[in-house]
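Read through the structure below, which is laid out as structure tokens, and then see the notes.
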Amino acid sequence: MRSQRFFGLMTLLISVASVGGCGPQSNVAPVTGVIKLGDEPLEFIQVEFWPDGGQRSFGKTDASGKYELQTDDRKEVGAIPGVHKVVLKDTWHMQDDYIGEGGDWVDMSKGRKSRISSKYYDVLKTPLSVTVKPDEANQFDFVADPLGK
Numbered sequence: 003m004r005s006q007r008f009f010g011l012m013t014l015l016i017s018v019a020s021v022g023g024c025g026p027q028s029n030v031a032p033v034t035g036v037i038k039l040g041d042e043p044l045e046f047i048q049v050e051f052w053p054d055g056g057q058r059s060f061g062k063t064d065a066s067g068k069y070e071l072q073t074d075d076r077k078e079v080g081a082i083p084g085v086h087k088v089v090l091k092d093t094w095h096m097q098d099d100y101i102g103e104g105g106d107w108v109d110m111s112k113g114r115k116s117r118i119s120s121k122y123y124d125v126l127k128t129p130l131s132v133t134v135k136p137d138e139a140n141q142f143d144f145v146a147d148p149l150g151k
């Protein structure tokens, strides 16, 4: 009797575990792209997609200017479908963020300035907007204006 209960319990646990793998579908669509300044790819550009409602997605460009978005909670790769304002922030002059031992932000700019216009930095002022389509691989490439434009 005891072994039958054990066997029954194990069967139930295995069934629940296998059903758990068939969880809800992802509510984001993959988003990639390239950021350039003229013909030159831009490394260290933080790309942020801000939807009309819902969770922001972000990514950072590599040496070839390519980015891939992930959700703000870092649980999913992509962005929620719908209209997004696009924010671009140049972090090149810092060569990435750095927090010192005391928890204070350390200026890594060494006198370097942003390479792109500040008009892309604010979600309320950015001229960039895209529509992420569900169940599609979305690619959005941008050519940024230089600083001062």
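Each residue of the sequence shown is one higher than the one before, counting from 3 in my numbering.
Ideal Cβ placement from N, Cα and C applies to all residues, glycine included.
Notebook entry, point to check: Helix or strand or just coil, what does DSSP make of G25?
Noted result: Counting from one through the sequence shown, the residue named residue 25 turns up at place 23. Model confidence at G25 stands at a pLDDT of 48, short of 50, so the residue's coordinates are unreliable; what they give is reported in the following sentence. G25 falls in the coil class under three-state DSSP.
Notebook entry, point to check: Mapping DSSP to helix, strand and coil, what is S120?
Noted result: For this step, residue 120 is matched to residue 118 along the sequence shown. The answer is helix: DSSP assigns S120 an H, G or I state.
Item checked: Extent of the continuous beta strand (DSSP E) to which F51 belongs -> Looking up residue 51 in the sequence shown gives position 49. Its beta strand (DSSP E) spans residues I47 to P53.
Margin query: Applying the 10 Å Cβ sphere with the 16-neighbour rule, what's the burial state of N140?
Written below: As a working mapping, residue 140 is identified with position 138 in the sequence shown. So N140 counts as buried.
Check: Can you tell me where the beta strand (DSSP E) with D92 in it begins and where it stops?
Finding: In the sequence shown, the residue the question calls residue 92 occupies position 90. Per DSSP, D92 belongs to the beta strand (DSSP E) from G84 to D92.
Check: Between T93 and E138, what straight-line distance do the alpha-carbon atoms span, to the nearest angstrom?
Finding: Numbered from 1 along the sequence shown, position 91 holds the residue referred to as residue 93. Numbered from 1 along the sequence shown, position 136 holds the residue referred to as residue 138. Straight-line Cα distance between these residues: approximately 29 Å.
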